[in-house]
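One structure is given here, and the rest of the page talks about it.
In the working numbering, the protein residues as written are 1083 to 1334.
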């Protein structure tokens, strides 16, 4: 009786496993069909709202979120409708504009600039770069997220462009120079206006806030000054102040 019971149990387990596999296959097929339907709906939606996607930053951000949920990478797709939508070209054009702004301001800020400042420059006066077929009747507006995405495309080319979060700001670094933790802490401190003016610090600020000795402060500041990311100002009393040009825009 025991052996018979074991035999029945194995047969039942095999049947159960087969049924489970059949259900999984049906569920997978159903899920794939659902995704395909959603992609079709998404494509139809994009056709109707193509202008809004290209011209409205908030609308574009929501659309890209929907694409990401479905695993549709329209930024790198060059075939079919997604290629015709031109989002890859949109971000390529924007990446060139961002690079132009960063390079033009490098002599002032040493190759580090706020994403917000780049956006302000593009909104107010734009750049010289424009595609031959990009003469739109309406001016394109960009969000900070658009600019961050454009920098990622530049970064993928091995150009040295990257973004870092420093305190309350996202900064674009356009030089291959690596900034260590000490440099980042000083940049973060320069944004903290509880001890003084925004975008400017003194050696005393660094010592008091970060509890560093003078040698450590000097090493970090000298590196930043050597790259043009920090400017030194000495007043009539010999007091040294360290100014961060990448933060000036926000402080005015």
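We treat Cβ as the ideally placed atom computed from N, Cα and C, and that holds for glycine. Nothing here was measured: the structure is a model prediction, and the numbers come from that model.
Pull the bridge partners of residue i from the DSSP assignment, please.
i	result
residue 1253	1196, 1246
residue 1283	1324
residue 1316	1322
Measure the alpha-carbon distance for residue i versus residue j and round it to whole angstroms.
i	j	result
residue 1301	residue 1195	22 Å
residue 1296	residue 1307	16 Å
residue 1288	residue 1223	39 Å
residue 1232	residue 1268	27 Å
residue 1262	residue 1124	43 Å
residue 1309	residue 1131	45 Å
residue 1204	residue 1139	14 Å
residue 1176	residue 1126	25 Å
residue 1324	residue 1303	8 Å
residue 1129	residue 1277	53 Å
residue 1320	residue 1305	21 Å
residue 1286	residue 1318	17 Å
residue 1239	residue 1186	20 Å
residue 1290	residue 1207	41 Å
residue 1292	residue 1275	15 Å
residue 1260	residue 1119	46 Å
Less than 8 Å between the CB atoms is what I'm expecting for residue i and residue j, so what's the real figure, rounded?
i	j	result
residue 1184	residue 1254	6 Å
residue 1225	residue 1150	Going by Cβ atoms, the distance from residue 1225 to residue 1150 rounds to 16 Å, so no, they are not a contact pair.
residue 1188	residue 1256	6 Å
residue 1229	residue 1270	Not confirmed; about 21 Å, so no contact.
residue 1174	residue 1234	With 8 Å as the limit, residue 1174 and residue 1234 do not qualify as a contact, their Cβ atoms being about 12 Å apart.
residue 1245	residue 1180	Their Cβ separation, rounded to whole angstroms, is 10 Å, which puts residue 1245 and residue 1180 out of contact at 8 Å.
residue 1172	residue 1136	6 Å
Excluding sequence positions up to five away, which residues of its chain have a Cβ less than 6 Å from the Cβ of residue i?
i	result
residue 1191	1327, 1328
residue 1316	1322
residue 1284	1323
residue 1311	1192, 1194
residue 1237	1243, 1244
residue 1145	1135
residue 1122	none
residue 1264	1302
Leaving out five residues on either side along the sequence, give the residues of the same chain with a beta carbon under 8 Å from the beta carbon of residue i.
i	result
residue 1273	1248, 1249, 1250, 1251, 1280, 1281, 1329
residue 1266	1246, 1248
Short of 7 Å in beta carbon distance, which residues of its chain neighbour residue i, apart from the five on each side in sequence? Order them along the chain.
i	result
residue 1258	1242
residue 1134	1141
residue 1314	1307, 1322, 1324
residue 1227	1143
residue 1294	1288
Answer yes or no: does any C-beta atom of chain C fall closer than 7 Å to that of residue i?
i	result
residue 1329	In the displayed structure, chain C is absent; only one protein chain is listed.
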